[in-house]
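First residue of the sequence shown? That's 0 in numbering that gives the first Met the number 0, and the numbers climb one at a time after it.
Beneath this line is the structure, given in structure tokens, with notes to follow.
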Amino acid sequence: MDRFDRIIALHSLISNAHYPVSSQEIKERMACSISTIERLIVDLRVHLGAPLKYSREYKGYYYDELGGRYELPGLWFNFSEFSALLGIRKLLQDVQPGLLGSHLKPIEKRVNKLLKSKQIDRNLLSKLTQVSRPNYPLDDEQVFNRLTSAIIESKCLLINYFQDANEQSPQLVSPQRVVFFRDKWFLDAYCHDLKILSSFHLNRIQELQEYDGVFISFSKEDLDKYYLGSVVSFPVKLPTVAKIKIKSHIAHWVAKENWHPNLIGSYQDDGCYYLEIPYAHSKEIIMDIVRFGSDAEVLAPESLKLEVIDYLEKMLVAYNNTICPSVYEREDV
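The following block contains the structure:
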């Protein structure tokens, strides 16, 4: 631990303690000598302006925070925190190249300087993680930046939203949060016209502007309760529960997947894995089911089972009925 890290460690120790911290405790917690502690105290008091006091009664150091809680000036991280920050930025770059890049650039310069001082290859951390880019990356980073600014500042927005390629409509919304969900970016927002919470695919937001209206805010708890009732954020009705059977030879792997926070899964005597998943819109859950092919079977509800059958039949038609005989004409099915 170098001097830089020791200053942060000492500040953290004193700041988080609810009592004056003795030199002996600092020595034991930080594994350093008394002379080192004295130099660090001088650094905090003289160079960093810390209101560090010594209690003769309790024989320990404490912050005199009558004027407010003291924090180190500027942005301070120890090496472990810097490494974690670099890792997070690398993940963010992989998911959406360029996202927040300009905002994190000053921090990255400080990180590189710290790595150089410790003789650590700056390219090493870039090899620690690798995340494939999503199938639907953001078309316009500025949309993301303006949305997050509006959320922080609690400002209403008027957005021009494309329902499909040919249909667009203006929507007055109070933006709540930006969500990266199953390879796509969404905006969770309160729609003033419909008076409901809804979700908008970010790539379908073509224009947006601030609107002088009353911002309606929801707590994170309320948002989670609302949106986690369905597999995707389509607030069209109360969720239905899909019951799905997964064959035994892939049951172990499917059981590890995070389909939904409110999923109920269990193994049965036949070795198969049975899922109960709430959903409010069938489109996304059908895509999850069909990717397992014949290893996944919808048990209920009947309406979802019929939708899956219809989806598969249309796939067969797309191949010009080249698969013969039809699986639906076989007597053993």
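Where a beta carbon is used, it is the ideal one built from N, C-alpha and C, also for glycine.
Residues in its own chain within less than 8 Å of residue i by CB, not counting five upstream and five downstream?
i, result
"Trp258", "Val230, Leu274, Ile276 and Asp287"
"Pro50", "Tyr62, Asp63, Glu64, Gly66 and Tyr69"
Spatial neighbours of residue i within its chain, please: C-beta separation below 7 Å, excluding the five flanking residues on both sides.
i, result
"Tyr318", "none"
"Leu171", "Cys155, Leu157, His191, Asp192, Tyr210 and Gly212"
"Arg329", "In this prediction, Arg329 scores a pLDDT of 49, lower than 50, which makes its location untrustworthy; the coordinate-derived value is nonetheless stated afterwards. Taken in chain order, the list of residues that qualify is empty."
"Ile36", "Ser22, Ile25 and Lys26"
"Asp138", "Asn202"
"Ile33", "Ser22 and Lys26"
Measuring alpha carbon to alpha carbon, tell me which of the options ends up nearest residue i.
i, options, result
"Ser54", "Leu156, Ala299, Leu71 and Ile13", "Ile13"
"Lys154", "Tyr189, Phe161 and Lys183", "Tyr189"
"His200", "Lys246, Val177 and Leu47", "Val177"
"Arg44", "Val297, Arg145, His10 and Gly264", "His10"
"Leu303", "Asp139, Lys282 and Lys246", "Lys282"
"Tyr60", "Ala16, Ala30, Glu70 and Tyr69", "Ala16"
"Val289", "Glu140, Pro300, Leu207 and Asp309", "Asp309"
"Lys58", "Pro19, Leu51, Val41 and Ser32", "Pro19"
"Leu146", "Gly292, Phe185, Ser168 and Pro169", "Phe185"
"Glu206", "Gln167, Asp187, Gly67 and Glu256", "Gln167"
"Tyr272", "Ser293, Lys246, Leu262 and Ile284", "Lys246"
"Asn159", "Phe143, Ile204, Glu140 and Phe179", "Ile204"
"His248", "Ser148, Asp42, Gly270 and Val297", "Gly270"
"Ile7", "Glu301, Ser32, Ile33 and Asp42", "Asp42"
"Gln162", "Ser148, Ser198 and Ile151", "Ser198"
"Leu71", "Asp294, Ser265, Phe3 and Ser173", "Phe3"
"Ala30", "Arg5, Ala49, Gln141 and Glu301", "Arg5"
With a threshold of 6 Å on Cβ separation, who are the neighbours of residue i within its own chain once the five nearest residues in sequence on each side are excluded?
i, result
"Glu64", "none"
"His46", "none"
"Leu298", "Lys242 and Lys244"
Tell me which residue opens and which closes the beta strand (DSSP E) that residue i is part of.
i, result
"Lys242", "Thr239 to Ile245"
"Glu56", "Premise fails: Glu56 is in no beta strand (DSSP E) and is neither H nor E."
"Asn144", "Note, Asn144: premise wrong, no beta strand (DSSP E); alpha helix (DSSP H) at Glu140 to Glu152."
"Leu65", "Leu65 -> no beta strand (DSSP E), and no H or E assigned at all."
"Tyr160", "Cys155 to Phe161"
Within 9 Å (strictly less), CB to CB, does residue i reach chain D?
i, result
"Phe217", "Any reference to chain D falls outside this structure, which holds one protein chain only."
Taking the alpha helix (DSSP H) that residue i falls in, what are its first and last residues?
i, result
"Ser310", "According to the sequence as given, residue 310 is Tyr; it is not Ser. Tyr310 -> alpha helix (DSSP H) spans Glu301 to Ala317."
"Leu39", "Ile33 to Val41"
"Leu137", "Premise fails: Leu137 is in no alpha helix (DSSP H) and is neither H nor E."
"Leu9", "Arg2 to Asn15"
"Glu24", "Ser22 to Met29"
Check: Can you find at least 3 beta carbon pairs, one from the segment 205-220 and one from the segment 248-266, that sit closer than 8 Å?
Finding: The segment 205-220, when compared against the segment 248-266, does not touch it at the 8 Å Cβ threshold.
Margin query: Does the contact criterion of 3 or more C-beta pairs under 8 Å hold for the segment 192-207 versus the segment 237-246?
Written below: As far as the Cβ criterion goes, the segment 192-207 does not touch the segment 237-246, which means the pair count is below three.
Margin query: Restricting to runs no shorter than 4 residues, where is the alpha helix (DSSP H) found entirely within the segment 170-223?
Written below: Listed in chain order, there is nothing to give.
Checklist line | Segments assigned beta strand (DSSP E), at least 3 residues, entirely inside the segment 244-281 | finding: Fully enclosed beta strand (DSSP E) runs of 3 or longer: 263-266 and 272-278.
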